[in-house]
Amino acid sequence: MAILVVGSVAFDAIETPSGRRERCLGGAATHFSLAASYFTDVRVIGVVGEDFGPDEERIFERRNIDTRGIEHVPGKSFFWSGSYMKNLNEAQTLNTELNVFQSFSPKIPAEYEESEYLFLANIDPVLQEEVRHKMPRVKMVCGDTMNYWIKDHAENLARVLKGLDALLINDTEAKMLAKENNLVQAARKVLEMGPKALVVKHGEYGATAFFCERSFPGEASTVTVPFRVPAMPLAEVVDPTGAGDSFAGGFFGYVASQPTLTPAVFRRAMFYGSVMGSFAVERFGTERLQQLEPNEIEERFALFRQLSHLD
Ligand code: AMP
């Protein structure tokens, strides 16, 4: 099974209480695909500039991530700089330069057309919609977005939300999207906008999945009680950048590795999401997710069991 992901492939400048990096490989599609690559085949659609070279390419290659859908064009790659000095749970965006993404029109290589799963990672909703449109036969579509797009691109985003099986966003974004301060009421409103399920990420406090009658239509008993997973309590969070995308990569990667999406698979996927998010924050940028051993993932999954199970 393969996941096709479209989203930003970027260079990030990051400052956190643990230090700073002036330029490291980032982007929503990058973090997502590294995390998902531990569970299933991943193919990326995106665009980069001349500053994206063999060193960056190798990071994807080492994880067997298919990058034939990453276009190389003249100009500079997407650039984002953020600070976590005020709040480790939420990035303060200092600068966003879309650069080569400004005139990007996604093309799907023939080899990608039969991908069963589609992830619309954080990027202009117009591009998310274009890719969704070109992949009509996928089994499941999940997506992400952020305040930048919610604020000024609401109409375009509304069209994307209608076609999603699950939307994964953080709690500030969920409240902003619903224009509602209470999370449960915000979730209800977001689900009315189209997604069949909603996963709200709470940074160091874990994540909650909200369901509705449309979440598991094949199930005899419809699950509508929310489901919450914790995050791993860590002694040091070095860099939270990409934690949300890594959560999404672990979540969707696990779903894609399973024969069907049942409520039990969804819940387990939430745990794998939290596992991958917990690794992502241990080092700057993608450093930690570049070199994980599969047994480390299972060991941490076992720790999550101890952390959250009564018996
Ligand atoms: P997160 O998982 O939310 O921490 O995502 C972090 C990644 O999102 C960074 O590596 C950035 O390059 C990328 N990013 C930041 N702003 C945007 C944006 N407006 N559109 C797409 N990607 C972004």
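Note that our numbering has the sequence shown beginning at -13, numbered continuously upward. For glycine and all other residues, C-beta sits at the position ideal for the given N, C-alpha and C.
Just measuring C-alpha positions, the residue of Ala288, Thr79, Phe105 sitting nearest Ile(-11) is Phe105. The beta carbon of Ile51 is closer than 7 Å to those of Ser19, Ser23, Val28, Val30 in its chain, skipping five residues each way along the sequence. By the neighbour-count criterion, in which a residue is buried when 16 or more other Cβ atoms sit within 10 angstroms of its Cβ, Lys161 is buried. Assignment of beta-bridge partners to Ile56 by DSSP yields Gly32. In the three-state scheme derived from DSSP, where H, G and I count as helix and E and B as strand, Lys137 is classed as helix. Using a Cβ distance threshold of 8 Å, Lys187 and Leu150 do not count as a contacting pair. With 16 or more neighbouring CB atoms inside 10 Å of its own CB, His17 falls in the buried class.
In this model, Ala250 and Asp37 are separated by some 43 Å (Cα to Cα). Counting other Cβ atoms within 10 Å of its Cβ, Tyr258 reaches 16 or more and is therefore classed as buried. A straight line joining the alpha-carbon of Phe238 with that of Cys128 spans about 8 Å.
Proximity of the segment 53 to 69 to the segment -6 to 14 meets the contact definition, three or more beta-carbon pairs being nearer than 8 Å. Taking every protein chain shown into account, the CB of Met132 has 16 or more other CB atoms within 10 angstroms, so this residue is buried. One Cα belongs to Glu43, the other to Gly32, and the distance between them is close to 13 Å. Looking at the DSSP output, Leu74 shares a beta bridge with no other residue. Apart from sequence neighbours up to five positions away, the residues of its chain that approach Arg253 with a beta-carbon distance below 7 Å are Phe213, ordered along the chain. Annotated three-state conformation of Asp110 is coil, per DSSP. Within the DSSP secondary-structure output, Ile155 pairs in a beta bridge with Val186.
In this structure, Gly55 keeps its C-beta atom at 8 Å or more from the C-beta atom of Pro111. Its Cα nearest to that of Val211, the residue Val170 stands out among Met218, Ser101, Val170. Cβ atoms of Arg7 and Ala(-1) come within 8 Å of each other, at about 7 Å.
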